[in-house]
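Chains as they are written, first to last, in the UniProt record's numbering: chain A, 1 to 137; chain B, 1 to 137.
Protein chains: 2
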Amino acid sequence: MYKIGHIAKQLNVSTDTLRYYERQGLLQASVRSPAGYRLYDDSALEQMRFIVRAKAVGFSLKDIQELLTIKIDKHNHSCEEVKSLTLQKLTQTRQRIEELLKFERSLSVLAERCCGGEESADDCSILTALEDVDGSA
Amino acid sequence: MYKIGHIAKQLNVSTDTLRYYERQGLLQASVRSPAGYRLYDDSALEQMRFIVRAKAVGFSLKDIQELLTIKIDKHNHSCEEVKSLTLQKLTQTRQRIEELLKFERSLSVLAERCCGGEESADDCSILTALEDVDGSA
DNA sequence: CTTGACCTTGAACTCAACTCTAAGGTTTAT
DNA sequence: ATAAACCTTAGAGTTGAGTTCAAGGTCAAG
């Protein structure tokens, strides 16, 4: 049985994060020591690894709650549910990437056109582009 | 002179947003009517357009504050300052895109491998991938 | 003169995922 | 026996960009 600090070090998260996940219903300590310390067993460690991995591929804590619900009772859930969650997250991620790519292109154009010199910003092409109605950036 | 609702409709933002920007020091109403209503003139409208455009290329409100400070007194600021803000935002944006692309690739792989069928999730490849130490996704 | 569409304020609330604080109890090593 | 390094709790704070609420004042039309 491991104390919270041990789990935290193993998985490179803070003890606060572990307590926070507990409050969020993601990971309960297996038992408490007589003094009230959280004690985790190997299966709790594995569950925390699952959470960390799911985060690493972009799932939110809310998504992870759903994944855990399924994982804990796989037999009464379908592959389709899991795939659906994954595809939904994929779509969201792609939409966000598209948005950021638009930002990236606009910012690139702005930066390229600007001399970036020490002289005054009176004729700065970036400011001008943001002022003018002609939003060609 | 325009009332807040007029500006809001013109620029497709809420009146709450305009009041919020005022609190943040981004855009003051030009004057107040005898009844205390905010009244904006054309230059305030132009400034709000600037803010909206700057947001549209990915600047945060904090960034926009800095841009406005420069814009209001261009003569005492350099092109370099503006370009620096832009490049900084560009770097941030690219970093975030990289992170999301990693998510995207992982999620794609997970989704591709999963049958997504109606059958139970007992052998779901997505769950298995997130459980196993072998993080090949 | 009243109805409806405006406008005002301050303050609290939202979301996500933590992080920090205060005030204390426990364990381990010396 | 005492100091260092753990652990506990409830609750507040953080970031960013707003949104919502309550309680009220104003303005134009009919």
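Just so you know, even glycine gets a beta-carbon here, dropped at the ideal spot from N, CA and C.
Quick caveat: nothing in here was measured; it's all calculated off a predicted structure.
At the C-beta level, B/I126 and A/K102 stay beyond 8 Å of one another. Cβ-Cβ separation between B/E119 and A/C79: approximately 6 Å, consistent with a contact (criterion under 8 Å). Only residues of its own chain outside the window of five on either side were considered, and among them I4, E22, R38, L39, Y40, A44 have a CB closer than 8 Å to the CB of A/A29, listed in chain order. Listed as beta-bridge partners of A/S60 by DSSP are no residues whatsoever.
For B/L100, the closest alpha carbon among the candidates A/E46, A/L85, A/L107, A/A56 is that of A/A56. By the 16-neighbour rule on beta-carbons within 10 angstroms, B/E112 is exposed. Each of A/A121, A/S60, A/K71 was checked against the Cα of A/E46, and the nearest Cα belongs to A/K71.
In the DSSP assignment, A/V31 is bridged to A/L39. In the structure shown, the three-state DSSP call for A/S120 is strand.
In the displayed model, B/S106 falls within a helix according to three-state DSSP. Apart from sequence neighbours up to five positions away, the residues of its chain that approach B/D63 with a beta-carbon distance below 8 Å are A54, L85, K89, ordered along the chain. Within the UniProt domain "HTH merR-type" (1-70) of chain A, contact with chain B at the beta-carbon level (separation under 8 Å) is assigned to E46, R49, F50, R53, A54, A56, V57, G58, L67, I70. Setting aside the 5 residues that flank it on each side, B/L26 is surrounded in the same chain by I51, L61, I64, Q65, L68, each with a C-beta closer than 7 Å to its C-beta; the list follows chain order. For A/Y2, same chain residues with a beta-carbon under 6 Å away, outside a window of 5 residues either side, are Y40 in chain order. Within the same chain, and ignoring the five residues on either side of B/L11 in sequence, the residues whose Cβ sits closer than 6 Å to its Cβ are M48, V52. Burial state of A/S106 is buried, judged by a 10 Å Cβ sphere holding 16 or more other Cβ atoms. Put simply, of A/G58, A/N76, A/E104, A/H77 the residue whose alpha carbon is nearest the alpha carbon of A/T91 is A/G58. Separation of B/S108 and A/A35 (C-alpha to C-alpha, rounded to the nearest whole angstrom) is 46 Å. Chain A has a Cβ within less than 8 Å of the Cβ of B/I97. Among the CB atoms of chain A, none fall inside 8 Å of the CB of B/T128.
For A/K9, the enclosing alpha helix (DSSP H) begins and ends at 4-11.
According to the DSSP assignment, A/D16 belongs to the alpha helix (DSSP H) that extends over 15-23. Beta-bridge pairing by DSSP links B/S78 to A/S120. In the three-state reduction of the DSSP assignment, A/M48 falls in the helix class. With respect to A/H75, B/D122 sits close: the two C-beta atoms are nearer than 8 Å. Pairing A/L87 with A/R19, the inter-Cα distance amounts to about 30 Å.
Membership of A/L26 in any alpha helix (DSSP H) is not indicated, and neither H nor E is assigned to it by DSSP.
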